[in-house]
Structure formats: C-alpha cells, structure tokens
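One structure is given below, encoded as structure tokens.
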Amino acid sequence: MCQSESGGYAPSSLTTVDHMAAMLNSLIAVRRRGYSTSEGHKKPFQMIIITHDDHLVDKLMIGSKPEFIYVLGKDNSGISHVRRQYSDGRSEEANGISFGR
C-alpha cells in the first residue's frame with residue numbers, strides 16, 4: 690500500500706483494499722452458504738486472514754459480519770496478547786493467551 694504524505698492511503702490503494710475486501714466478502718458469503726456432506730450436514734467454514742491493514746479489517750467486519758475476530762497486540766511492557774474482538778465492539782482477552790518477550 691502506498692501512504693500519502695498526510696499518513697493516509699493514496700486513493701488507488703484504498704480502491705485496491707476495497708476490491709480485496711469485496712472479493713473476500715463474496716468468497717465468505719459463498720462458503721457460508723455451504724458445502725454439505727453426503728448426509729446433508731453443512732461443513733463448518735473457517736478463514737484465516739493475516740493483515741496489518743485496519744481498513745481491510747473494518748471492511749471485512751462490515752461485509753461478512755463474523756461473530757468475532759482475533760487481534761494480536763502488545764502492551765506497554767512489550768508482551769504480546771491475543772484478544773477476541775466481537776462484531777458489536779466488545780473485546781476480551783482470548784483465554785489468557787499471551788507471549789513473553
């Protein structure tokens with residue numbers, strides 16, 4: 690992605706992120722409609738997307754409305770923590786998962 694001097698993304702980069710989000714949201718929608726087993730049960734679906742782009746995450750949260758996502762971050766001590774962020778804005782530490790330096 691190309692950032693402009695103001696710190697935001699250049700318009701062409703936003704368009705690229707928007708297109709990527711739309712493509713991923715379409716893929717998620719197709720997969721959620723599902724593939725069924727021979728017994729007629731829906732197969733579970735999970736997708737892992739790793740990104741540093743908050744705009745992409747926002748677009749995916751709006752478009753695909755997942756129950757929650759996992760967010761990896763560091764505290765002031767440099768310790769990494771995983772938190773579960775729900776679509777309604779709530780968040781919680783994910784089962785006490787943390788990683789030392």
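The numbers in the sequence shown follow this note's numbering, run straight up by one, and end at 790. Glycine included, each C-beta is placed from N, C-alpha and C at the ideal position. A quick note: this is a predicted structure, and the numbers were derived from the prediction, not measured.
Environment of V706 [buried if 16+ CB atoms lie within 10 Å]
Taking the sequence shown and counting its residues from 1, one reaches residue 706 at position 17. With 16 or more Cβ atoms within 10 Å of its Cβ, V706 is classed as buried.
Can you find the residues in the same chain that come closer than 8 Å, C-beta to C-beta, to M750, ignoring five residues on each side of it along the sequence?
Translated into the one-based positions of the sequence shown, residue 750 becomes position 61. Cβ neighbours of M750 beyond the five flanking positions: I758, S776.
Beta-carbon spacing of L713, H744 below 8 Å:
Taking the sequence shown and counting its residues from 1, one reaches residue 713 at position 24. Taking the sequence shown and counting its residues from 1, one reaches residue 744 at position 55. Result no, Cβ atoms of L713 and H744 do not sit closer than 8 Å.
Flag this pair as yes or no: are the beta carbons of A710 and K748 separated by less than 8 Å?
In the sequence shown, residue 710 corresponds to position 21, counting from 1. In the sequence shown, residue 748 corresponds to position 59, counting from 1. Yes, they are a contact pair.
Spatial distance of T740 from V746 (CA atoms)
Looking up residue 740 in the sequence shown gives position 51. Looking up residue 746 in the sequence shown gives position 57. Going by the C-alpha atoms only, they are around 8 Å apart.
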